[in-house]
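Undergrad: In this note's numbering, the protein residues as written are 528 to 995.
By construction, the Cβ of each residue, glycine as well, lies at the ideal position given by its N, Cα and C atoms.
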Ligand code: SF4
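(1) Quick one: Cα of residue 717 to Cα of residue 861, how far?
(2) If the criterion is Cβ atoms closer than 9 Å, does the pair residue 882 and residue 870 meet it?
(3) For residue 709, which three-state DSSP category applies?
(4) Closest to residue 803 by CA distance: which of 946, 984, 863 and 768 is it?
(5) Under a Cβ-count criterion, where at least 16 other Cβ atoms within 10 Å of its own Cβ denotes burial, should residue 805 be classed as buried or exposed?
(6) Grab the span of the beta strand (DSSP E) containing residue 757 for me, first residue to last.
(7) Compute the minimum distance between the beta carbon of residue 942 and the heavy atoms of the ligand ATP, and state whether it is under 8 Å.
(8) Rounded to whole angstroms, what is the Cα-Cα separation between residue 928 and residue 585?
(9) Got a sec? Which residues, its chain only, sit under 7 Å from residue 680 by beta carbon, not counting five neighbours each side?
(10) Skipping 5 residues on each side, what residues in its chain have a beta carbon closer than 6 Å to that of residue 668?
(11) Do residue 591 and the ligand SF4 come close, with the Cβ less than 8 Å from some heavy atom?
(12) Sorted by chain position, which residues of the same chain lie with C-beta nearer than 7 Å to residue 810's C-beta, five sequence neighbours on each side aside?
(13) Mapping the DSSP letters down to three states, classify residue 617 as helix, strand or coil.
(14) Can you tell me whether residue 957 sits near the ligand SF4, meaning its C-beta is under 8 Å from at least one heavy atom of the ligand?
(15) If residue 569 sits next to residue 678, beta carbons under 8 Å apart, how far is it from one beta carbon to the other, in whole angstroms?
(16) How many whole angstroms separate the CB atoms of residue 633 and residue 606, which I take to be in contact at a CB cut-off of 8 Å?
(17) Please report the Cβ distance between residue 733 and residue 953, rounded to the nearest whole angstrom; I am assuming they are in contact, meaning their Cβ atoms lie under 8 Å.
(18) In chain order, what are the residue ranges of uninterrupted beta strand (DSSP E) at least 3 long that sit wholly in the segment 764-793?
(19) In angstroms with no decimal places, state the Cα-to-Cα distance between residue 689 and residue 714.
(20) What three-state label does DSSP hand residue 564 in the structure shown?
(21) Ignore the nearest five residues each way along the sequence and tell me which others in residue 963's own chain have a CB closer than 6 Å to its CB.
(22) Where are the beta strand (DSSP E) runs, 3 residues long or more, that stay fully inside the segment 785-853, in chain order?
(23) Following the continuous alpha helix (DSSP H) through residue 889, name the residue where it begins and the one where it ends.
(24) How is the alpha helix (DSSP H) around residue 984 delimited, first residue to last?
(25) Would the beta-carbon of residue 749 fall within 9 Å of that of residue 739?
(26) Residue 665 to residue 645, Cα distance in whole Å?
(27) So is residue 550 buried or exposed if we call it buried at 16+ other beta carbons inside 10 Å?
(28) Look at the Cβ atom of residue 942, then the Cβ atom of residue 959, and state whether they are nearer than 9 Å.
(29) Consider the C-beta atom of residue 851 and the heavy atoms of the ligand SF4; say whether any pair is separated by less than 8 Å.
(30) Rank 843, 896, 723 and 819 by C-alpha distance to the C-alpha of residue 865 and give the top, closest one.
(31) What's the C-alpha gap between residue 911 and residue 795?
(32) At a threshold of 8 Å, does residue 737 count as lining the ligand SF4 (C-beta to nearest heavy atom)?
(33) For residue 975 and residue 728, which I take to be in contact (beta-carbon distance under 8 Å), what is that distance rounded to the nearest angstrom?
(34) Given this structure, state the Cα-to-Cα distance separating residue 643 from residue 984, to the nearest angstrom.
(35) Check whether the Cβ atoms of residue 545 and residue 602 sit closer than 9 Å, and answer yes or no.
(36) Report yes if the CB atom of residue 701 is closer than 9 Å to the CB atom of residue 886, and no otherwise.
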């Protein structure tokens, strides 16, 4: 006799609960989303507290020393609050002083440790320590995003990871030693995930990787298939198709971690025609050719100033965000001033800057000419002063313009105003738009909806605008 649902099913023992802490960058966040999706599909539930969980997973970050400390502290808190802890993520791949695994040295009682991008290993560790619930009624828990799985971001935006790892060997970075060489996801999978996200209500898709411009290099730009049509595993074709998929949903596509290679020139017309946002996150790190060489940066031989000027000619609305390092080993005052001039001339819209800090295991530690901390910090402060002046001047030019704003927060339907972002602002890292209460009584604001708004002022990195 086949089994049927019956009232007795309500006495099914409670599903095992997993506590989850996700630290680190958007790439780590997408790893967390994959693990949570798998846990949910297998019927595990999540717990908001360490104490209420049967087991805790900590997804760690190992990029800079502060992140290492935060990750180790969190593992300690999870052990104190729960005792049964699985560690995954970049820190899990790090060696300790004597060559063994750093996490195991610091916290010997953890149940298992994996590196980043290791959903299956994490699931194996969960199964070994907390058997999965065999319940066909909860085995396939549907979720709003279908094949895209569970998302940890608000429902109206999502990160889309297109590849793992990196083929470069920048001297200040240990990511390749933790995440390995570039592995591009099949283009059909990436596009199917994008479609599922838009279907689920995502209005802004943020394309991420370690090097978006290198997408497909590892598979020699192999032709894949999506929706019955051939599509090359290459940035241009990917971005064009993402724009086509987004269009009927009126959704935004935003590109992160793009290096200034000549091939990117072909993507700019898609921005000019509105298929993807005229926004590029280009992590330049420096402008002086000698510093870039010491950093072993990708595209370090490119003439970035000329290239950016050409991009802006093709797409005048283009907004460029970038990150920089001040006080890299051996940086002279002249090289640093080259960087300040570059920020002014390239009119970088949004710039972040770190004072150089040595990362354990990075090749840059061997470069002679380490600068004293005060010099590195002072240069960072000088950099930020210039960058903020450039950014504010550019923001002021927007006063009087009417812009499309994606609403991130709007308590009480926005009667008292809200917060949103324009195409020029990526979530978490850029500025926001403070939306004033609408003048029209019939006008409401809803999270995840677009509204048009007239820019009436600038507050630091943010705009102030009136919904119309
Ligand atoms: S491009 Fe350079 S900084 Fe970025 S992940 Fe690769 S090695 Fe690290």
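TA: Based on what the coordinates show:
(1) 44 Å
(2) no
(3) coil
(4) 768
(5) buried
(6) 756-759
(7) Among the ligands in the structure shown, the ligand ATP does not appear; only the ligand SF4 can be found there.
(8) 45 Å
(9) 686
(10) Legend: pLDDT at residue 668 = 38, less than 50; position of this residue unreliable, value from coordinates given subsequently. Excluding residues within five positions, the ones whose Cβ falls inside 6 Å are 567.
(11) no
(12) 784, 849 and 850
(13) helix
(14) no
(15) Actually they do not touch by this definition, with Cβ atoms about 18 Å apart.
(16) Rounded, the Cβ-Cβ distance is 11 Å, inconsistent with contact.
(17) 7 Å
(18) 779-782
(19) 8 Å
(20) helix
(21) 944 and 993
(22) 806-808 and 846-853
(23) Careful: residue 889 lies outside any alpha helix (DSSP H) and carries neither H nor E.
(24) Here residue 984 belongs to no alpha helix (DSSP H); instead the beta strand (DSSP E) covers 977-986.
(25) no
(26) Residue confidence is low: residue 665 scores 38 on pLDDT, short of 50, so the model does not pin down where it sits. Its coordinate-derived value is still stated next. C-alpha separation (whole angstroms): 24 Å.
(27) buried
(28) no
(29) no
(30) 819
(31) 28 Å
(32) yes
(33) 7 Å
(34) 43 Å
(35) no
(36) yes
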